[in-house]
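Novice: First residue of the sequence shown: 7, per my numbering; consecutive thereafter.
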Amino acid sequence: MSRLFPSAPEPTPTATSPATVAPVTPTASLTPVPTDIPPPTGTPAPSPTPEPSPAPPADPQGDVGTYGSGDPVEGVPGGVDIRVASVDADLRVVFQPTEGVPAALAEWATEEEVLLWIALYEPVPDPPAGYTEWLFALDLDGDVETGRPVGSSRINPDLGMEVAVAAYYDPSSGEYATYFLVWDPAKGDWAYGPGRARFTLDESRTLVGLALPLEALTQTVAQVTGVTIVPEAVKGRAAALSQVGGQKVIDFYPDLPD
7 MSRLFPSAPE PTPTATSPAT VAPVTPTASL TPVPTDIPPP TGTPAPSPTP EPSPAPPADP
67 QGDVGTYGSG DPVEGVPGGV DIRVASVDAD LRVVFQPTEG VPAALAEWAT EEEVLLWIAL
127 YEPVPDPPAG YTEWLFALDL DGDVETGRPV GSSRINPDLG MEVAVAAYYD PSSGEYATYF
187 LVWDPAKGDW AYGPGRARFT LDESRTLVGL ALPLEALTQT VAQVTGVTIV PEAVKGRAAA
247 LSQVGGQKVI DFYPDLPD
């Protein structure tokens, strides 16, 4: 098994149905172990609501590449080729969108949650052929000088990355799980976020949804990173990754810059 971020937690068994997967509590068996975060306190100051944006453009079909070089590959596993995601072409991310949300997710997230989603060209196999991950890397203030350093991973050549949130399938357990990580600049490593990310897979198995508590996200990012979320400046990138045998492939949305 090979995650995009090696310090992500191991999965804990969840409900067997992949349609709605319960979030998990990370185990402590990883090295290095991310920093524990005390529960957030207080109430964040209200932030201005960004203007709604139109639905993001579709990504070209068949542009999945090898993880290391990005070279095109044949025989891509299902559930990896991204058609569109909740990230605009300019990397902008609206946490609580009012437009462009797939109908299957329109009523899924609550008013207190951030909604992120990835739509796929091919359905996620049941079960997936190998380890599979659907990920969002988020720059919460639009400042490349804060967060995980630019270029420290393939997904963030142009993002200062405060948060990584993902759903993944672990073939060793046959279970789906999620992780929610916050970059700790004092440690130079990921710390576990508080609360739990929720994950859903629609009936067609071509739509992945993630939801996480906005208040906990806001408070924890401020506490751990010193960054205040700027809603109108939030940027990000989505990715879908699969490893079957020795082949590790990935698709980014939007594509990486040349």
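Heads up, the beta-carbon is just placed ideally off N, CA and C, and yes, glycines get one too. Since the model is a prediction, treat every value here as computed from it, not as a measurement.
(1) Using a Cβ-Cβ cut-off of 6 angstroms (strictly less than) and excluding sequence neighbours within five positions of D6, which residues of its own chain qualify?
(2) In this structure, does DSSP put P177 in helix, strand or coil?
(3) Give the single residue among Y185, V150 and E221 whose Cα lies nearest to the Cα of E117.
(4) Output needed for I161: all residues of its chain with C-beta closer than 6 angstroms, excluding positions within five of it in sequence on either side, in chain order.
(5) In this structure, what does DSSP give as the bridge partners for R202?
(6) With a cut-off of 8 angstroms on the beta carbons, I'd call T152 and T226 a contact; round off their distance for me.
(7) Which residues in the same chain as D87 place their Cβ atom closer than 7 angstroms to its Cβ, once the five residues preceding and following it in sequence are excluded?
(8) Alpha carbon to alpha carbon, how far is D164 from P263? Give it in angstroms, no decimals.
(9) Compute the distance between the beta-carbons of A172 and L141, then report whether it is under 7 angstroms.
(10) Is it true that the segment 188-205 meets the segment 90-106, where meeting means three or more beta-carbon pairs spaced less than 8 angstroms apart?
(11) Is the separation between the beta-carbon of V240 and that of L146 shorter than 7 angstroms?
(12) Give the range of the alpha helix (DSSP H) segment to which L223 is assigned.
(13) Is A109 helix, strand or coil when you go by DSSP?
(14) Buried or exposed: which applies to D265, given that a residue is buried once 16 or more other Cβ atoms fall within 10 Å of its Cβ?
Specialist: So, from the listed chains and residues:
(1) One cannot answer for residue 6 here, as it falls past the ends of the chain, which runs 7 to 264.
(2) The answer is coil: DSSP assigns P177 none of H, G, I, E or B.
(3) Nearest C-alpha to E117: E221.
(4) The residues are A143, R243 and A245.
(5) Among the bridge pairs identified by DSSP, R202 is matched with none.
(6) Going by Cβ atoms, the distance from T152 to T226 rounds to 15 angstroms, so no, they are not a contact pair.
(7) Excluding the 5 residues flanking it on each side, D87 has same chain C-beta neighbours closer than 7 angstroms at Q67, G68, V70, L126, Y127, E128 and D257, in chain order.
(8) Answer to the nearest angstrom: the Cα atoms are 8 angstroms apart.
(9) By the CB criterion at 7 angstroms, A172 and L141 fall inside the cutoff.
(10) Judged by Cβ distances under 8 angstroms, the segment 188-205 makes no contact with the segment 90-106, as fewer than three pairs qualify.
(11) Taking 7 angstroms as the Cβ cut-off, V240 and L146 qualify as a contacting pair.
(12) Looking at the DSSP string, the run of the alpha helix (DSSP H) that includes L223 is L220 to T231.
(13) Helix, per DSSP.
(14) Outside the displayed range of the chain (7 to 264) lies residue 265, so it cannot be described from this structure.
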